[in-house]
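Asker: Taken in order, the sequence shown gives residues 1 to 203; the numbers are from the UniProt record's numbering. Heads up, the beta-carbon is just placed ideally off N, CA and C, and yes, glycines get one too. Please read all numbers here as calculations on a predicted model, not as lab measurements. Let me begin by handing over the structure; questions about it come next.
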Amino acid sequence: MRTYNPGKLTKYGLLVHVVSESTSGYIGNLEIYSGEGKKLQETTVSILEPYLDQNYHVYEDNYYNSVVTAEYLLLRKVHVCGTVRVNRGLPPDLKEESKSLKRGETTFRRKGDILLQSWRDTHVVNMISTIHSSSMVDVQRRHGQVKKPICISVYNMFMKGVDRADQYLAYYSLTRKTIKWTKKVALWLINCAIFNSFLVYKI
């Protein structure tokens with residue numbers, strides 16, 4: 001099933017959900033989108049199935065995050081942190097309050113163990129976390145130190161695993177433009193296996 005994403009440089013392609021180790025990029029699980037129309041929570045829980053009930057910390061972008069999903073994963077002992085879209089369960093008063101934030105300011109709400117925090121930098125960043133407090137940390141930038149929510153600072157640190165895997169797979173791709181898409185999928189999976197094997201070999 002080919003998908004279209006106008007925000008990507010390569011607008012047509014296959015959608016693959018991937019779980020990667022945050023430092024090495026090791027691919028722990030993946031699921032190729034088949035067009036079945038799974039709900040967001042079903043997709044997220046499915047890809048995280050091997051890690052449920054083991055107290056893992058998972059860092060996700062806003063495609064996967066919602067308050068409902070975070071609540072369920074918390075019951076299954078998976079703790080999440082990541083960006084979240086405003087229509088994925090943010091309280092109306094938090095959404096309204098975040099509009100008037102000045103640069104460097106933050107506001108937050110809690111729903112049990114779930115932190116929902118908005119912070120304005122050049123634009124408003126909305127976060128969800130079942131790991132962190134709402135505290136701020138000093139972050140060094142080119143023009144000096146700024147205060148940033150700890151959930152954003154740690155998220156930026158650990159969200160690089162999938163990028164590392166993507167970078168390697170792009171450098172050493174076995175696929176070619178003229179190959180049929182079904183063969184591309186097979187070759188891409190072989191690439192993933194080679195990448196994982198290389199990481200294990202280096203240990």
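Taking the alpha carbon of residue 188 as the point to measure from, which residue in 139, 147, 104 and 30 has its own alpha carbon closest?
Answerer: In the sequence shown, counting from the first residue as 1, residue 188 sits at position 188. Checked all of 139, 147, 104 and 30; the closest Cα to residue 188 is 30.
Asker: Thinking just about the alpha-carbon of each residue, which of 123, 108 and 73 is nearest to the one in residue 239?
Answerer: An answer regarding residue 239 cannot be provided, because it is not within the stretch 1 to 203 covered by the chain.
Asker: Using the beta-carbon count (16 or more within 10 Å), is residue 11 buried or exposed?
Answerer: Here residue 11 corresponds to residue number 11 of the sequence shown, with the count starting at 1. Caution applies to residue 11, whose pLDDT of 45 falls short of 50 and renders its modelled position unreliable; the value that the coordinates give is listed next. Result: exposed.
Asker: Determine the burial state of residue 19: buried for a count of at least 16 other Cβ atoms within 10 Å of its Cβ, exposed for fewer.
Answerer: Taking the first residue of the sequence shown as 1, we reach residue 19 at position 19. Residue 19 should be labelled buried.
Asker: With a floor of 3 residues, list each beta strand (DSSP E) that falls wholly inside the segment 17-91, ordered by position along the chain.
Answerer: 27-32, 56-60 and 78-83
Asker: Which stretch, first to last residue, makes up the beta strand (DSSP E) that contains residue 180?
Answerer: Residue numbering aside, residue 180 sits at position 180 when the sequence shown is read from its first letter. Premise fails: residue 180 is in no beta strand (DSSP E) and is neither H nor E.
Asker: Buried or exposed: which applies to residue 183, given that a residue is buried once 16 or more other Cβ atoms fall within 10 Å of its Cβ?
Answerer: By 1-based counting over the sequence shown, the position of residue 183 is 183. Its Cβ having fewer than 16 others within 10 Å, residue 183 is exposed.
Asker: With a threshold of 16 other CB atoms inside 10 Å of the CB of residue 112, please say whether the residue is buried or exposed.
Answerer: For the purposes of this step, residue 112 is taken as the residue at position 112 of the sequence shown. That one is exposed.
Asker: So who's on the other strand from residue 138, going by DSSP bridges?
Answerer: Stepping through the sequence shown from its first residue, residue 138 is reached at position 138. Its beta-bridge partners are 147.
Asker: Along the chain, where does the alpha helix (DSSP H) that runs through residue 164 open and close?
Answerer: Translated into the one-based positions of the sequence shown, residue 164 becomes position 164. 161-171 is the extent of the alpha helix (DSSP H) around residue 164.
Asker: Drop a sphere of 10 angstroms on the beta-carbon of residue 191, count the other beta-carbons inside from all chains shown, and report buried for 16 or more, exposed for fewer.
Answerer: Residue mapping note: residue 191 aligns to position 191 of the sequence shown, counting from 1. When all chains shown are included, residue 191 counts as buried.
Asker: Given this structure, state the Cα-to-Cα distance separating residue 82 from residue 144, to the nearest angstrom.
Answerer: For this step, residue 82 is matched to residue 82 along the sequence shown. For this step, residue 144 is matched to residue 144 along the sequence shown. Taking the straight line from one Cα to the other gives about 25 Å.
Asker: What do you get for residue 32, buried or exposed, if any count of 16 or more other CB atoms within 10 angstroms of its CB means buried?
Answerer: The count along the sequence shown starts at 1 and reaches residue 32 at position 32. With fewer than 16 Cβ atoms within 10 Å of its Cβ, residue 32 is classed as exposed.
Asker: I'd like to know whether the C-beta atoms of residue 94 and residue 124 end up nearer to each other than 8 Å.
Answerer: Position 94 of the sequence shown holds residue 94. Position 124 of the sequence shown holds residue 124. No, the pair does not count as a contact, with Cβ atoms beyond the cut-off.
Asker: I need the DSSP call for residue 192, collapsed to helix, strand or coil.
Answerer: Looking up residue 192 in the sequence shown gives position 192. Note: residue 192 maps to helix in three-state DSSP.
Asker: Going by DSSP in three states, residue 251 sits in which element: helix, strand or coil?
Answerer: The first residue shown for the chain is 1 and the last is 203, placing residue 251 beyond what the model contains.
Asker: If we call anything under 8 Å between Cβ atoms a contact, is residue 58 one with residue 80?
Answerer: On the sequence shown, position 58 is the one that residue 58 refers to. On the sequence shown, position 80 is the one that residue 80 refers to. Yes, Cβ-Cβ distance for residue 58 and residue 80 is below 8 Å.
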